[in-house]
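K.L.:
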Amino acid sequence: MSEPTELIEIRGLAKYFGRFAALRDLRLSVRKGQFIALFGRNGAGKTTLLRILAGLSRASAGTVSVHGCGPGAARGEIGYLSHNTAIYLDLTALENLRFYARLLDLPADDAELEDRIALVGLAGRSHEPVRNFSRGMQQRLGIARAFLHDPAILLLDEPFTGLDQAGTEFLQNYLRGAHAGGRTCLMAIHDAPVGYALADRLVVINRGGVALDLARGAVTLEDFQERYKALAEDR
Amino acid sequence: MFGKVWAVFRKDLLIELRTKDSLNAMLFFGIVVLVVFNFALESARDSIREVVPGVLWVSFVFSGTLGLNRMFASEKDNSCLQGLLMVPMDRGIIYLGKMMAAAVFMLIAEAVIFVFTLVFFNLTVWREIPWLILVFFIGTIGFTAVGTLLSAISVNTRMREVLLPLILFPVVLPILVNAVEATRIILNSADYGSLRLPLTIMSVFTLVFGVVAYLLFEFVLED
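So the protein sequences, as listed, match chains E and S. At position 7 of the first sequence the residue is numbered 7 (the numbering used here), and the sequence of numbers has no breaks. Adding 235 to a residue's 1-based position in the second sequence gives its number in the numbering used here.
1. What does Pro323 of chain S reach in chain E if we use C-beta pairs closer than 7 angstroms?
2. For Thr383 of chain S, count the other beta carbons within 10 Å of its own beta carbon; 16 or more makes it buried, fewer makes it exposed. Which is it?
3. Can you tell me where the beta strand (DSSP E) holding Leu148 of chain E begins and where it ends?
4. Start and end of the alpha helix (DSSP H) containing Asp115 of chain E?
5. Quick one: grab the DSSP three-state call for Thr300 of chain S.
6. Would you say Leu13 of chain E lies against chain S (beta-carbon separation less than 8 angstroms)?
7. Determine the closest residue to Tyr88 of chain E out of S:Gln317, S:Ile420, S:Asp312, S:Phe378, with distance taken between C-alpha atoms.
8. Quick one: which chain E residues come within Cβ less than 8 angstroms of Ile250 of chain S?
9. Is Ala337 of chain S close to chain E, meaning its C-beta is less than 8 angstroms from at least one C-beta of that chain?
10. My understanding is that Ala86 of chain E touches Cys315 of chain S, with C-beta atoms under 8 angstroms, so please give their C-beta distance in whole angstroms.
11. Does the distance from the CB of Phe340 of chain S to the CB of Met261 of chain S come in under 8 angstroms?
12. With 8 angstroms set as the bound, which would you pick, yes or no: does the beta-carbon of Ser60 of chain E sit closer than that to a beta-carbon of chain S?
13. Pull up the distance between the alpha-carbon of Glu158 of chain E and that of Ala111 of chain E, whole angstroms please.
14. Can you list, in chain order, the residues of its chain with a C-beta nearer than 8 angstroms to that of Glu95 of chain E? Leave out the 5 residues immediately preceding and following it.
15. Can you pull the chain S residues whose beta carbon is under 9 angstroms from the beta carbon of Thr184 of chain E, in chain order?
16. So which of E:Pro107, E:Gly12, E:Gly182 has the shortest CA-CA distance to Ser60 of chain E?
17. Going residue by residue through the segment 50–86 of chain E, where are the continuous beta strand (DSSP E) segments of at least 3 residues, counting only ones entirely within it?
18. Closer than 9 angstroms by beta-carbon distance: list the chain E residues that pair up with Arg253 of chain S, in chain order.
19. Alpha carbon to alpha carbon, what distance is there between Ser389 of chain S and Arg75 of chain E?
20. Looking at C-alpha atoms only, which residue of E:Pro129, E:Leu106, E:Val203 is the closest neighbour of Leu249 of chain S?
21. Would a check of beta-carbon distances place Phe452 of chain S closer than 8 angstroms to chain E?
22. Does the beta-carbon distance from Leu301 of chain S to Glu310 of chain S come in below 8 angstroms?
23. Note down, in chain order, every chain E residue with its Cβ under 8 angstroms from the Cβ of Ala242 of chain S.
24. Taking C-beta to C-beta, are Leu81 of chain E and Leu156 of chain E nearer than 8 angstroms?
25. Apart from the five residues on each side of it in sequence, which residues of its chain come closer than 6 angstroms, Cβ to Cβ, to Arg419 of chain S?
26. Does the beta-carbon of Pro193 of chain E have 16 or more other beta-carbons within 10 angstroms, so that it is buried, or is it exposed?
27. Out of E:Lys46, E:Gly72, E:Gly62, point me to the one whose CA is closest to Leu56 of chain E's CA.
28. Can you tell me where the beta strand (DSSP E) with Gly40 of chain E in it begins and where it stops?
29. Closer than 6 angstroms by C-beta to Thr168 of chain E: which residues in its own chain qualify, once you throw out the five before and the five after it? Chain order, please.
30. Assign Met180 of chain E to one of two classes, buried (16 or more other C-beta atoms within 10 Å of its C-beta) or exposed (fewer than that).
31. Answer with buried or exposed for Ser2 of chain E, where buried requires no fewer than 16 other C-beta atoms within 10 angstroms of its C-beta.
32. Specify the secondary structure class of Ser429 of chain S as computed by DSSP and reduced to three states.
33. What does Arg140 of chain E reach in chain S if we use C-beta pairs closer than 7 angstroms?
34. Buried or exposed for Glu251 of chain S, please, with buried defined as at least 16 other CB atoms from any protein chain shown within 10 angstroms of its CB.
35. Taking 8 angstroms as the cut-off, does the segment 237–248 of chain S touch the segment 202–217 of chain E (at least 3 CB pairs, one atom from each stretch)?
36. I'd like the span of the alpha helix (DSSP H) that includes Gly382 of chain S, first residue to last.
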């Protein structure tokens, strides 16, 4: 059997919260190795789309396939990071990673996990309770947690929220490295220059559907910002 | 699978040992209930063995409900539940780990409350202790089997402290009624043969509640 050309295929996706349609008839195809920046004003449906892709939320209508199967079945290939880090504040950094490694069936020993912690810039802090960490440090540990199992697909929901300059630079470099390593990334973001710098495809979600879908090479940052602004104002 | 259940249980235990959020509240509340009953039942000293089963289980259930209310609190901080749900595993594992933790916290609280009960009501029960442990154990497993599921449902609601007992108590009533009856038989008669009926009812309800809650857990976590 031949491999599907699209890694992620979304057709006619809809999600209703009561009578409110967060997504309606959304269509999107993502090829392996692509980095897509998802833009859209608050409530446009970016987070809902990422949560459905992550298998955290059920679609009301339409189909979503990841590697030819449903998102729930592909959870092992997906790493999901939002501004909420899913890190236990009363455990140490090492205990957090050890816990998730056990659940993921990873044969990770403490030395390997300490390397992971050092890789996100927290060397020497493994035995400190996370409660003592700054917001940026928690987000760094969140990155180590979300990508502990080296997932092929990274879903990022406004991952730069609350990060300082150093944290933002760190995360940008980390994501560039992941993309260069062949990972497929979908990132919801408000900051157009950062999204433009990282992604190779720019998608704007408006009124629950794809309103703009451009290759980065086909548009300048200024042109993209102008078109995005016009869409955002079109309520 | 058991390794993952153990990991969830161990994580909750570690957090509780550091914060003592649940156990302190459970113990304090349980003992306060006992103190109130101790004064209220002053005139019933002659028949105290008849009323102690009810007093014990009221105290267990109230303190246990406090613990269950906190069961998913650590998962709510930083959206940790989301991190757990992203792990490619049977979500029933989360339920089993959480239920084990809830049961252990409740059994610890029950042991302390029981000792205070013996002191307050001047009871001697050395001979009955193995039977009491059996009843407390089955009753607690049944209570937490339902309570863990309902705690997961109520954690995202605005009035979770009120909602949990409202939906929990009617469901666990068959277990509680039979737990009180079994405790009464143990403390008041040497006829342990008559324990068979309440223990069987408790065990059957515990098993049914446990299986149903395990199967339903996946669905209560989705939005």
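Just so it is clear, CB atoms sit at the ideal spot from N, CA and C, and this is done for glycine as well.
P.N.:
The relevant details are as follows:
1. Arg75, Gly76
2. The Cβ neighbour count for Thr383 of chain S, taken over all protein chains shown within 10 Å, is at least 16; the residue is labelled buried.
3. Segment: none, Leu148 of chain E is in no beta strand (DSSP E) and carries neither H nor E.
4. 110–119
5. helix
6. no
7. S:Asp312
8. Tyr88, Asp90, Leu91
9. no
10. Rounded, the Cβ-Cβ distance is 5 angstroms, consistent with contact.
11. Taking 8 angstroms as the cut-off, the Cβ atoms of Phe340 of chain S and Met261 of chain S count as close.
12. Cβ-Cβ to chain S under 8 angstroms: no for Ser60 of chain E.
13. 31 angstroms
14. Tyr88
15. Going along chain S, no residue has its Cβ under 9 angstroms from Thr184 of chain E, so there is no contact; the nearest lies around 16 angstroms.
16. E:Gly12
17. 61–66, 78–82
18. Below the 9 angstroms Cβ cutoff, chain E contributes Asp90, Leu91, Pro129 as neighbours of Arg253 of chain S, in chain order.
19. 26 angstroms
20. With distances taken between Cα atoms, Leu249 of chain S lies closest to E:Pro129.
21. no
22. Contact annotation: Leu301 of chain S and Glu310 of chain S have beta-carbon atoms that are not nearer than 8 angstroms.
23. Phe99, Arg102, Leu103
24. yes
25. Pro288
26. So Pro193 of chain E counts as exposed.
27. Taking only the C-alpha atoms, the option nearest Leu56 of chain E is E:Gly72.
28. It is not in any beta strand (DSSP E) - Gly40 of chain E carries neither H nor E in the DSSP assignment.
29. If we look at Thr168 of chain E and ignore the five residues flanking it on each side, its Cβ neighbours are Phe160.
30. Checking the displayed sequence, the identity of residue 180 of chain E turns out to be Ala instead of Met. Label assigned to Ala180 of chain E: exposed.
31. At Ser2 of chain E the pLDDT is 49, less than 50, meaning the model places this residue with poor confidence; the figure from the coordinates comes in the next sentence. The residue in question, Ser2 of chain E, is exposed, as its Cβ has fewer than 16 Cβ neighbours within 10 Å.
32. helix
33. Correct list: empty, because the minimum Cβ distance to chain S is about 14 angstroms.
34. So Glu251 of chain S counts as buried.
35. no
36. 364–389
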